[in-house]
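**Q** Following this message is one structure expressed as C-alpha cells.
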Amino acid sequence: MTIGKKIAEARKRTGHSQRSLSEEEEMTISKESIAKYEGGTRNLPKDMYPRVAQALDDPQFYFEAWEETTGLVSIPYLDGSYIDHRAASLVHLVKMETEKAMKSIEKICWFKSADQHSELEKEEIQQLMKELLDMAASILNLVAALCKEHQFSMKMIFRQWRVSMKVNQYNK
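Quick note: the sequence shown uses full-length UniProt numbering, first residue 1, plus one each step.
Shown next as C-alpha cells:
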C-alpha cells in the first residue's frame, strides 16, 4: 500500500478531512496536495513524513511512517490474524514475549567478548536479538493500543517520555 493510501486511512481513523488535515499546525501543504498524495498522482516528500505523522497523531500511522522512512529497520504495527488490539489482549502478548526474551538472555555467556563466542553462541545471540525485537514490538503496540483506547495523544506520550529519559540521564 502506498504512503498516500496509508495517509487516507489514518485520516479517516482520526476523523480528519483533507482540509482539516491541511490546516493542522504541523502541516505546510494544501488540501489539493493531500488529495494528490492520497490518489497517488504525487509522491509525498520524505521530509514531510514526520509532519504528516504528527498532524494525524494516529498510532498505526506512526508505525507505517517509521517503516516507510527506514525500510526494514522499524517496529511493525502488528496486524496479523491472531492480533487483538485491545490493551487487555496485548498485555498477554507482552508478558509472553518478555518471558521468551528473558529465557534467551539467560542462555548467553555475557562475560565473553564478541570475538570469543563460538558459532553456536553467535546463533544464540542472533536468536536473542529476534526475541528482544518481538518483545519491543509487543510493547510498542501495547502503547499504541492504550493511546487509542484512552484517547491519549501518542505524540504527547512520547514527548513526556523523552523528558523522563533526559531526567534519568538515559540520553542527552
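All C-beta atoms, glycine included, are put in the ideal place defined by N, C-alpha and C.
Could you work out which residue in 54, 2, 131 is closest to residue 25 when comparing CA atoms only?
**A** Indexing the sequence shown from 1 puts residue 25 at position 25. Among 54, 2, 131, the Cα nearest to that of residue 25 belongs to 54.
**Q** Contact between the segment 101-120 and the segment 148-157 is defined here as three or more beta-carbon pairs at a separation below 8 Å; is this criterion met?
**A** Judged by Cβ distances under 8 Å, the segment 101-120 makes no contact with the segment 148-157, as fewer than three pairs qualify.
**Q** Going by alpha carbons, who is nearest to residue 155 out of 60, 131, 69, 121?
**A** Locating residue 155 in the sequence shown gives position 155, where the first residue counts as 1. Answer by Cα proximity: 60.
**Q** What separation, rounded to the nearest whole angstrom, lies between the Cα atoms of residue 47 and residue 27?
**A** Taking the first residue of the sequence shown as position 1, residue 47 is located at position 47. Taking the first residue of the sequence shown as position 1, residue 27 is located at position 27. If you take the alpha carbons of residue 47 and residue 27, they lie about 12 Å apart.
**Q** Could you give the DSSP three-state label for residue 86: helix, strand or coil?
**A** For the purposes of this step, residue 86 is taken as residue 86 along the sequence shown, with counting starting at 1. In this structure, residue 86 counts as coil in the three-state DSSP scheme.
**Q** With 16 other CB atoms within 10 Å as the buried threshold, where does residue 16 fall?
**A** As a working mapping, residue 16 is identified with position 16 in the sequence shown. Under this definition residue 16 is a buried residue.
**Q** Drop a sphere of 10 angstroms on the beta-carbon of residue 119, count the other beta-carbons inside from all chains shown, and report buried for 16 or more, exposed for fewer.
**A** For the purposes of this step, residue 119 is identified with residue 119 of the sequence shown, where counting begins at 1. Per the 10 Å Cβ criterion, exposed.
**Q** Are three or more beta carbon pairs between the segment 155-167 and the segment 120-130 nearer than 8 Å?
**A** The segment 155-167 vs the segment 120-130: no contact.
**Q** What residue from 138, 43, 103, 9 has the CA that sits closest to residue 125's CA?
**A** Within the sequence shown, the letter at position 125 stands for residue 125. The shortest C-alpha separation from residue 125 is found at 103.
**Q** Quick check on the burial criterion: 16 or more other C-beta atoms within 10 angstroms. Buried or exposed for residue 79?
**A** In the sequence shown, counting from the first residue as 1, residue 79 sits at position 79. Exposed, since its Cβ has fewer than 16 Cβ neighbours within 10 Å.
**Q** Over what stretch of residues does the alpha helix (DSSP H) that includes residue 161 continue unbroken?
**A** In the sequence shown, residue 161 corresponds to position 161, counting from 1. Residues 154-167.
**Q** Per DSSP, what kind of secondary structure is residue 29 in: helix, strand or coil?
**A** Counted from its first residue, the sequence shown places residue 29 at position 29. If DSSP states are grouped into helix, strand and coil, residue 29 belongs with coil.
**Q** First and last residue of the alpha helix (DSSP H) that includes residue 139?
**A** Residue mapping note: residue 139 aligns to position 139 of the sequence shown, counting from 1. It spans 119-150 - the alpha helix (DSSP H) in which residue 139 sits, taken as one unbroken run.
**Q** Is the separation between the beta-carbon of residue 76 and that of residue 68 shorter than 8 Å?
**A** As a first step, residue 76 must be located in the sequence shown, where it is residue number 76. As a first step, residue 68 must be located in the sequence shown, where it is residue number 68. No, the pair does not count as a contact, with Cβ atoms beyond the cut-off.
**Q** For the alpha helix (DSSP H) holding residue 172, just list the boundary residues, first then last.
**A** As a first step, residue 172 is located in the sequence shown; it is residue number 172 there, counting from the start. Segment: none, residue 172 is in no alpha helix (DSSP H) and carries neither H nor E.
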